[in-house]
Every structure is written in structure tokens, then in C-alpha cells.
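Numbered per this note's numbering, the sequence shown spans residues 12 to 299.
In what follows, a structure is listed as C-alpha cells, so that the remarks can point back to it.
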Amino acid sequence: KEVDGKYRFYHVDLVERKAVFDVLEDFRPEVVVHFAAESHVDRSILDPLRFIRSNVEGTLNLLDASKEFKVEKFINISTDEVYGELGEEGYFTEESPLNPNSPYSVSKAGADMLGRTYYRTYKLPVITVRPSNNYGPWQYPEKLIPVIILKALRNEPIPVYGNGMNVRQWLYVEDCAEAVLKIVKEGKEGEIYNVAGPEEKRNIEVVKTILKLMNKPESLIKFVKDRPGHDYRYAMKAEKIKRELSWEPKVGFEEGISKTVEWYLSHLDWVKKIEEELRKFWQLVYQS
12 KEVDGKYRFY HVDLVERKAV FDVLEDFRPE VVVHFAAESH VDRSILDPLR FIRSNVEGTL
72 NLLDASKEFK VEKFINISTD EVYGELGEEG YFTEESPLNP NSPYSVSKAG ADMLGRTYYR
132 TYKLPVITVR PSNNYGPWQY PEKLIPVIIL KALRNEPIPV YGNGMNVRQW LYVEDCAEAV
192 LKIVKEGKEG EIYNVAGPEE KRNIEVVKTI LKLMNKPESL IKFVKDRPGH DYRYAMKAEK
252 IKRELSWEPK VGFEEGISKT VEWYLSHLDW VKKIEEELRK FWQLVYQS
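Right, dumping it as C-alpha cells:
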């Protein structure tokens, strides 16, 4: 209701080059914020080509269309995963080299390099945004936090890769959205901005926190074979966006995860609509 009448929706595949050009020709946007991507690492391991097509070829088509129709600002939404993995210490900055390890992160690094190329070669005003792991309402239930919530709700085993000690930096989705909006309004073309969550958590900590919130036993946890090429730790410094654009996250993990659990439990009708596809995916990935 909040956005009713304030947007126009076109349902197209970014790989369909003519369709992408037709949309931009019709709408003539001043700014393109490029969120569209295949984004789940597990899926990329099962079908790398789909990720290369969507995330690299799709980005190329959108960049070309943006160049053709004189877009004033192109915001490329990337990921911290393009930097690769860390050990127990250290942080990535915007100057860190790219060292992706999964088909997903390779495809996103490719998109980043295309953005850089179009800025340097064609003077298209591209800005790249690299957020840490997002969570919150409406996240598709293939991702870790929705999986935990929905499995716990049904008292089903909760799959945890390896020993559960992998570390991620968690960013509440509303904080991420505010950062992107800041960058749209005030970001400098050609720049990269890391957008990092306020806290690092081990995967097993996340699982146990959610189980506690839902009054579910830790006996639901089931350790499964680790994912191939599973990066140990992601962590970024986000001093640049704080210094230049006065942004920093407002929502701590405890508050954000509580809001997220509450949201999923009150929106089970939405989950049921995609449950059949979701269960097929869980079975394929976690029981193979």
C-alpha cells in the first residue's frame, strides 16, 4: 500500500537483451539500482552456468542499455564474497583484491569488473556497493536464517554445514536499504562502498539464538557434510561510507533477529506459496 501507484513493474529476464533495452527505452530512468541476480551459493554449485548468464551476461545487458539511454547513475549491488575468505583476524577494505571462491562470487566479481570497465571506458557513472550478509523480512527461504526459522517451526532437523564455526557479518535489510539510498543520493561515481553489518556471528551462534527465541531445543541441530569451497569468514571495514556519507548500521543483531523471527511467524501464508519448490531444493542440497 505504501508504494501503490508509485512504480511500474516489468517482468523480464536480464539475459533477454532486447527486453532489457525495451524497458529502459520505455521508462528512461535517471538512476539504475542493479539488485537483480542469482544469489545463493548452494544453487551456484549445482548450476554455475545459470549464474554466469544471469549475473555476468545480464549485467552486461543492463550496462549497455544504461549507456544507450544515458542513465545518470548506475548502482551495482555486489557482495562481500568477491573478496574471498579470511582467517580469524583481519578485515577487507574497498582496496582489497578480489579473490572469489564459489561460482556465485565469481559471477558477482565478473559483474563488478564489467561495471569498472564501463566507468573507465565509456564514462558510465557506475558505483559498486558491497554489502555483508543481509537478513530480515521477505528473504527467500533458501537462505540460512529463514531455513532455521521454518525448520524449527516444524520441529524438523536444522542442517548446519561442517562444524558451524564459519563466521559472517550480519546486516539487517533496512540498514542496507538506507545505505543504498544514501549512495544513490550522495555516492561518488567510480567508487566502491563496503556496507558492513555491526556484528560477526558464527553460524552455530545464529542457529542457537533463533532456537532460543522460538523456545525450541538445540537437539534439532543436525551437522551435515560441509559445502564444497565453504569460505570460513567474511568481514569488512565500512569506514569509507561512514566517513564520506555519514552512514552506519542502526539495528544490532539481537534486535534484528527478533524482528525477523516475528515477521516469518506472522507471514506463513507467503511461505506456503513457495513451499513445494523450497522443499525440493532442501532435499536436493541438504540430503544429497
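Ideal Cβ positions, reconstructed from N, Cα and C, are used throughout, including at glycine.
Please report the residue range of the beta strand (DSSP E) in which residue i lies.
| i | result |
| --- | --- |
| Trp-258 | Counting along the chain, Trp-258 falls outside any beta strand (DSSP E), and DSSP gives it neither H nor E. |
Taking the DSSP output, what are the residues bridged to residue i?
| i | result |
| --- | --- |
| Glu-211 | Gln-180 |
| Val-42 | Lys-84 |
| Val-217 | Its beta-bridge partners do not exist; DSSP assigns none. |
| Val-206 | Pro-142 |
| Ile-169 | Ile-232 |
| Leu-97 | Arg-244 |
| Phe-103 | Met-247 |
Span of the alpha helix (DSSP H) holding residue i?
| i | result |
| --- | --- |
| Ile-138 | Counting along the chain, Ile-138 falls outside any alpha helix (DSSP H), though it belongs to the beta strand (DSSP E) covering 137-142. |
| Thr-132 | 114-133 |
| Phe-62 | 59-62 |
| Thr-90 | First-last for Thr-90: undefined, no H or E at that position. |
| Asn-72 | 69-79 |
| Ala-163 | 155-164 |
| Lys-270 | 264-276 |
| Asp-280 | 279-284 |
Verify whether the separation of the beta carbon atoms of residue i and residue j is less than 8 Å.
| i | j | result |
| --- | --- | --- |
| Pro-157 | Gln-150 | yes |
| Ala-163 | Ala-207 | no |
| Tyr-183 | Val-140 | no |
| Glu-167 | Leu-289 | no |
| Arg-64 | Val-26 | yes |
| Ala-122 | Ser-89 | yes |
| Val-82 | Ile-160 | no |
| Val-117 | Pro-108 | no |
| Ile-194 | Ile-86 | yes |
| Tyr-115 | Lys-78 | no |
| Leu-155 | Gly-198 | no |
| Met-176 | Arg-213 | yes |
| Leu-125 | Leu-192 | no |
| Asn-66 | Glu-49 | yes |
| Lys-84 | Ile-138 | yes |
| Leu-231 | Leu-135 | no |
| Phe-264 | Glu-210 | yes |
Excluding the 5 residues preceding and the 5 following residue i in the sequence, name in chain order all residues of the same chain whose CB lies nearer than 6 Å to its CB.
| i | result |
| --- | --- |
| Gly-201 | Tyr-130 |
| Gly-173 | Asp-237 |
| Lys-253 | Glu-259 |
| Lys-227 | Ala-163 |
| Gly-69 | Leu-25 and Val-26 |
| Ala-30 | Val-23 |
| Met-225 | Ala-163 |
| Phe-32 | Ala-76 |
| Val-43 | Ser-77, Val-82 and Phe-85 |
Output needed for residue i: all residues of its chain with C-beta closer than 8 Å, excluding positions within five of it in sequence on either side, in chain order.
| i | result |
| --- | --- |
| Tyr-245 | Asp-91, Glu-92, Tyr-94, Glu-96, Leu-97, Phe-103, Ser-143, Asn-144, Val-178, Arg-179 and Gln-180 |
| Val-34 | Tyr-21, Val-23 and Ala-76 |
| Lys-300 | The chain is shown from 12 up to 299; residue 300 falls before or after that span and cannot be answered. |
| Ala-113 | This sequence places Ser at residue 113; Ala is not what is there. So the list reads Val-52, Ser-55, Ile-56, Glu-92, Gly-240 and Asp-242, once near-sequence residues are dropped. |
| Cys-187 | Pro-142, Asn-145 and Val-206 |
| Arg-19 | Phe-38 |
Please list, in chain order, all residues of the same chain as residue i whose beta carbon is under 7 Å from its beta carbon, the five residues on each side excluded.
| i | result |
| --- | --- |
| Glu-185 | Gly-147 and Val-262 |
| Pro-239 | Ile-56 |
| Glu-229 | Lys-219 and Leu-222 |
Give a yes or no on whether 8 Å exceeds the smallest Cβ distance from residue i to chain B.
| i | result |
| --- | --- |
| Gly-95 | Note that chain B does not occur in the displayed structure, where there is just one protein chain. |
Subject >> Runs of alpha helix (DSSP H) wholly within the segment 222-258 (minimum 4 residues, chain order) >> reply: You should have 250-256.
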